[in-house]
Amino acid sequence: MLNVLTQKGREAEESSRAAILKLSTAEVNFAWFPQHNFYPIDGFRIEGNAVTGIFEGKTRQAAYDNGAIVYNQKRYEDYLITAQKLDQGTDMAKQMRVDFLLYVYLTFSNHILCFKIWDDAAEIHAPFKRMNSRTQAGVNGGSAVRENAYIPIREAQVIVMG
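Heads up, the sequence shown is in this note's numbering, so the first residue is -16 and it goes up one at a time.
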């Protein structure tokens, strides 16, 4: 969260916001919390006058290729995210009785991966593995060991951006 206060963090957030806004239609729109507030989610998905979902937006300097993410010339069949993000978003979605979505903008191929983490109507959680692993601490680098979630890329709706 605090990485958003840095130049690199702000750029990543603005990139994901711009990409997600391209998904807006006459029926569906998105609204974000103010930048100076820190919540476990980034904003709301709105259909008509109703909030139908909450979402987390991410930007990755990677590409989508035939069911995998390509990063640093390596293929990954799972998307890695801090498990706490998914837990907090799911808890909020359950309390609000809405869906919880994860949008991942892949800058190198101009794709968005849309994962439905919590489907409120079906009361189903997306499948993912949990594992403690060392990863980059944030957009500004560093290293951290924490519980991460690995979501299969095959679970995503793949959107090609125009």
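For every residue, glycine included, the Cβ atom is placed at its ideal position computed from N, Cα and C.
The residues D82, L84 and A109, in chain order, have a CB closer than 7 Å to that of K99 in the same chain once the five nearest residues on each side in sequence are set aside. For I142, same chain residues with a beta-carbon under 8 Å away, outside a window of 5 residues either side, are L6, H94, I95, L96 and C97 in chain order. No residue range can be given for A139, since it is assigned to no beta strand (DSSP E) and is classified by DSSP as neither H nor E. For D103, the secondary structure class from DSSP, reduced to helix, strand or coil, is coil. If the five residues before and after V53 are omitted, its C-beta is found closer than 7 Å to the C-beta atoms of A45 and A46, all from its own chain and listed in chain order.
Note: E(-4) is not bridge-paired with any residue in the DSSP secondary-structure output. Residue pairing by DSSP puts S126 in a beta bridge opposite Q119. DSSP places L84 within a strand segment (E or B) once states are collapsed to three. Taking C-alpha positions only, A127 is separated from E60 by approximately 22 Å. As computed with DSSP, T42 is found in a beta bridge with Y88. DSSP, reduced to helix, strand and coil, places I37 within a strand of the structure shown. Nearest in C-alpha terms to E138, of all of F111, K57 and E(-4), is F111. A direct Cα-Cα distance of roughly 32 Å separates A14 from M114.
Within the DSSP bridge table, the entry for T65 names N131 as partners. Beta-bridge partners assigned by DSSP to M114: N131. In the structure shown, the three-state DSSP call for G31 is coil.
Going by DSSP, Y54 is part of the beta strand (DSSP E) stretching over A51 to Y54.
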